[in-house]
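Asks: Heads up, the final residue of the sequence shown is numbered 1552 in the working numbering, and it's a clean run with no missing numbers.
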Amino acid sequence: MKITFFGVRGSIPSPGYDTYRYGGNTSCIHIETASGQDLVLDAGTGIRKLGKRLVEKNNTINLLLSHGHWDHIQGYPFFLPIYQPDRKIRVYTGATKGHEQICSLFDQIDGANFPVKATELPSQSECITANVETELARQNISVRRIPINHPGGGFGYRIEEDGTSCAYITDNELEPPDKVATTYDQWVAFCHGVDVLIHDAQYLEADMPHKHGWGHSLVSQVRQLAVDAEVRCLAMFHHDPDRTDTEIDFIQKENELFFQGKHAPSISLCAAENMQIKLTAQLDKPTVIEIDRAGP
Ligand SMILES: [Zn+2]
Ligand SMILES: [Zn+2]
């Protein structure tokens, strides 16, 4: 599978002279499976650019939504495939608001917050809120999901294909102050041995205690998870909108020092827009992981 980052920023788009290298677009990742399926993880502003590529094709798009916060949905009205007649787009979400299932991707396209109404779109979009894992399996996509520790709830995902694997866990606080949806030990088990772990690493110790309970993890906690879960490649994600490129470079240097001499991960990086990670399965051998920092 090929994993390409189109938006790596958390909370709000943050374009500017001091964020351009890692990028200012909010959460969106594209996974092209080895069998040619297109999987989209979240619909932050990064999805706009991805849409320009996917509009060249006519296959079904499967979109996994972590949750309905703005930075994960705001790009969707600008995702060109939704304007393609009869293009099939299957959106999987389990986010809840009170006791109601929501699909905020479509709720925002209501003629008031955006000039078009979702009911007027020519594509065949479908929002799947129940039996998500089974429904994806019917599309020949193997996914497990797990509740995130985040205000309002949501899900992390682990995608597997022919021995290759990628876990996408954003907007997750590994050690929340009160209500715990998933414990640290459960995270270690869920991520264990994964080829690529993409995890929220929005905060530094300096952000605490003020932001404890806001639903994001410390860089130091994510490093420890990568070691404990023996992941092969760690990609830190959902960078704070105020974190400059220079500060992210510093986090990356500290990662390298921290992981030196440790069994795992063998690769660590801070995700940047356009970066691509290619996973190639090998018979009876570990997956080959190739990083293209400049992107396809
Ligand atoms: Zn977010
Ligand atoms: Zn969120």
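Using N, Cα and C, we set each Cβ at its ideal position, and we do this for glycine too.
What whole-angstrom Cβ distance do Leu-1377 and Asn-1318 have, given they're in contact under 8 Å?
Replies: Reading the sequence shown from its first residue, position 121 is the one you call residue 1377. Reading the sequence shown from its first residue, position 62 is the one you call residue 1318. Wrong, their Cβ atoms sit about 17 Å apart, outside the cutoff.
Asks: Along the chain, where does the beta strand (DSSP E) containing Glu-1429 start, and where does it finish?
Replies: One-based indexing of the sequence shown puts residue 1429 at position 173. Element bounds for Glu-1429: n/a, residue is neither H nor E.
Asks: Does DSSP put Tyr-1332 in a helix, in a strand, or in coil?
Replies: What you label residue 1332 is simply residue 76 of the sequence shown in a count that begins at 1. Of the three classes helix, strand and coil, the one that applies to Tyr-1332 here is helix, per DSSP.
Asks: Alpha carbon to alpha carbon, how far is Tyr-1413 from Thr-1289? Give it in angstroms, no decimals.
Replies: Translated into positions along the sequence shown, residue 1289 becomes position 33. Translated into positions along the sequence shown, residue 1413 becomes position 157. Each residue's alpha carbon lies about 15 Å from the other.
Asks: Could you give the DSSP three-state label for Ala-1550: helix, strand or coil?
Replies: Walking along the sequence shown from the start, residue 1550 turns up at place 294. Coil at Ala-1550, not helix or strand.
Asks: What do you reckon, is the C-beta of Thr-1419 under 7 Å from a heavy atom of ligand 2?
Replies: Looking up residue 1419 in the sequence shown gives position 163. First, the residue type needs correcting, since residue 1419 is Gly and not Thr in the sequence shown. No, ligand 2 has no heavy atom inside 7 Å of this Cβ.
Asks: Is His-1455 near ligand 2, in the sense that its beta carbon is under 7 Å from a heavy atom of that ligand?
Replies: Reading the sequence shown from its first residue, position 199 is the one you call residue 1455. His-1455 Cβ: outside cutoff for every heavy atom of ligand 2.
Asks: Please classify His-1355 as buried or exposed, where buried requires at least 16 neighbouring CB atoms within 10 angstroms.
Replies: As a first step, residue 1355 must be located in the sequence shown, where it is residue number 99. Annotation note: pLDDT 44 at His-1355 (below 50); position unreliable, no value reported.
Asks: Using three-state DSSP, classify Phe-1411 as helix, strand or coil.
Replies: As a first step, residue 1411 must be located in the sequence shown, where it is residue number 155. If DSSP states are grouped into helix, strand and coil, Phe-1411 belongs with the strands.
Asks: Could you tell me which residues DSSP puts in a beta bridge with Ile-1545?
Replies: Counted from its first residue, the sequence shown places residue 1545 at position 289. According to DSSP, Ile-1545 bridges with Leu-1535.
Asks: Starting from Gly-1263 and walking both ways along the beta strand (DSSP E), at which residues does that stretch end?
Replies: Numbered from its first residue, the sequence shown carries residue 1263 at position 7. Element bounds for Gly-1263: 1258-1263.
Asks: Which whole runs of the alpha helix (DSSP H) in the segment 1469-1536 are 4 residues long or more, in chain order?
Replies: Qualifying alpha helix (DSSP H) stretches, in chain order: 1475-1484, 1501-1515.
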